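For reference, the structure is listed below as structure tokens.
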Amino acid sequence: MTGEFRDPDALRARAGVTGDPNRDQHFLVDDRVLDRLPGYLTDAGGDVGHVLEIGGGTGALTDRLLAVTDHVTVVERDADLAAFLREEFDAERSDGAVTVIEGDALDVDLPPFTASVSNLPYGASSEIAFRLLPERKPLVLTFQREFAERMAADAGGPEYGRLSVTAGHYAEVEIVETIPPEAFDPQPAVESAVVRTRPREPAYSVPDDDFFMRFLRGVFTQRRKTMRNAVRNTTHITGLGDPDAVVEAADEELMSRRAGNVSPAEFARLAALAWEVGSPEERDSDDPDQDDTDSEKRDPGGRELEERDRGASE
93 MTGEFRDPDA LRARAGVTGD PNRDQHFLVD DRVLDRLPGY LTDAGGDVGH
143 VLEIGGGTGA LTDRLLAVTD HVTVVERDAD LAAFLREEFD AERSDGAVTV
193 IEGDALDVDL PPFTASVSNL PYGASSEIAF RLLPERKPLV LTFQREFAER
243 MAADAGGPEY GRLSVTAGHY AEVEIVETIP PEAFDPQPAV ESAVVRTRPR
293 EPAYSVPDDD FFMRFLRGVF TQRRKTMRNA VRNTTHITGL GDPDAVVEAA
343 DEELMSRRAG NVSPAEFARL AALAWEVGSP EERDSDDPDQ DDTDSEKRDP
393 GGRELEERDR GASE
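Just so you know, the sequence shown maps onto residues 93 to 406 in my numbering.
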């Protein structure tokens with residue numbers, strides 16, 4: 093991108109903010125990184141008709157997005173920053189190019205959008221990502237690097253987990269850039285990464301998306317166990333009424349593996365079998381009793397929480 097954009101340091105000075113790690117505020121201040129982010133969307137042919145930005149901060153990225161789109165909707169949960177954005181982009185708001193929504197991105201009603209480019213707050217990044225992914229729109233999002241690597245991991249690798257399968261269910265996922273802590277102020281303790289997703293249908297089919305997600309969530313909480321035991325031990329998550337029927341009907345070799353060595357397509361086939369013979373109960377996909385193994389909010393180090401049982405697989 094070329095052009096004159098608002099200086100991120102000047103924006104922070106006008107807003108009168110310095111950032112607060114305790115409130116998950118790490119402002120992206122490296123002009124070079126800011127300049128590149130919109131290009132990751134346009135280079136991939138993403139529809140830029142209406143771009144959603146979550147966590148607008150002081151508007152440094154907002155300003156650059158306006159160079160590639162006719163409309164940016166910014167969601168900002170900090171009341172003071174939302175007020176600053178409305179003032180800073182008053183002319184653009186009057187022209188219909190910018191809309192500022194004050195509130196938590198997990199709670200507000202999101203407008204129809206064609207793509208999202210966002211520097212997400214670490215503490216809610218996984219929850220926000222999995223609100224956006226089912227929309228099947230192109231996304232360019234920043235995460236903790238370790239979280240991003242798990243999101244893009246392939247089966248069998250050390251980073252592969254529920255996050256990898258779930259993200260890949262909705263989109264092609266790739267890491268396009270790593271960002272050093274020095275690009276932010278205040279500096280976070282870890283490196284960040286930019287993830288680009290391109291929506292696509294998976295190469296497999298599942299009988300019910302909500303059940304598939306519950307099934308994944310269940311077996312990955314028992315990732316040190318064989319699939320045989322994982323299916324039997326997690327009915328409180330999966331809702332299976334007859335897990336033994338699933339184990340008996342499934343391929344024996346598959347059931348002897350651990351979840352980290354099962355491909356997404358194999359998970360889909362097993363979930364379809366479980367749906368058919370396992371007598372799953374209907375359950376709200378927003379079941380508050382569900383675990384949250386891939387949440388950065390619960391796991392600030394970015395590591396997937398695993399079953400604490402260190403016992404043998406059998």
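Positions of the beta carbon are idealized from the N, C-alpha and C atoms, including for glycine.
Since this is a predicted model, take the numbers as computed values, not measurements.
Alpha helix (DSSP H) containing residue 286: first to last residue? Counting along the chain, residue 286 falls outside any alpha helix (DSSP H), though it belongs to the beta strand (DSSP E) covering 284-291.
Cβ distance (whole Å) where residue 133 is taken to contact residue 230 below 8 Å: 6 Å
Does DSSP classify residue 256 as helix, strand or coil? helix
Could you give the distance in angstroms between the alpha-carbon of residue 382 and the alpha-carbon of residue 189? Any answer about residue 382 is weak, because its pLDDT of 40 lies below 50 and its placement is not dependable; what the coordinates show is given next. So the alpha carbons of these two residues sit roughly 39 Å apart.
What do you get for residue 149, buried or exposed, if any count of 16 or more other CB atoms within 10 angstroms of its CB means buried? buried
Assumed close pair residue 369, residue 338 - CB separation to whole angstroms, cut-off 8 Å: 6 Å
Starting from residue 165, follow its DSSP beta bridges and name the residues at the other end. 144, 191
Where DSSP assigns a beta bridge to residue 233, which residues make up the other side? 210, 287
Take the Cβ of residue 257 as the centre, count every other Cβ of all protein chains shown within 10 Å, and call the residue buried at 16 or more, exposed below. buried
C-beta contact flag for residue 296 and residue 360 at 7 Å: yes
Alpha helix (DSSP H) segment containing residue 363, residue limits: 356-369
Taking the DSSP output, what are the residues bridged to residue 263? 291
With distance defined between alpha-carbon atoms, name the residue in 126, 328, 209, 129 nearest to residue 166. 209
For the pair the region 174-182 and the region 244-260, tell me if three or more CB-CB distances fall below 8 Å. no
Cβ shell of residue 171 (< 8 Å), same chain only, five flanking positions each side left out: 194
Quick check on the DSSP output: the alpha helix (DSSP H) that includes residue 310 runs from which residue to which? 301-312
In angstroms, rounded to a whole number, what distance separates the CA positions of residue 243 and residue 309? 15 Å
Taking all protein chains shown into account, do 16 or more other C-beta atoms lie within 10 angstroms of the C-beta of residue 328, making it buried, or fewer, making it exposed? exposed
Residue from 103, 100, 96, 121 with nearest C-alpha to residue 280: 121
For residue 155, which residues from the same chain have a beta carbon less than 7 Å from its beta carbon, with the 5 sequence-adjacent residues on both sides left out? 97, 98
Sorted by chain position, which residues of the same chain lie with C-beta nearer than 7 Å to residue 290's C-beta, five sequence neighbours on each side aside? 136, 230, 263, 264
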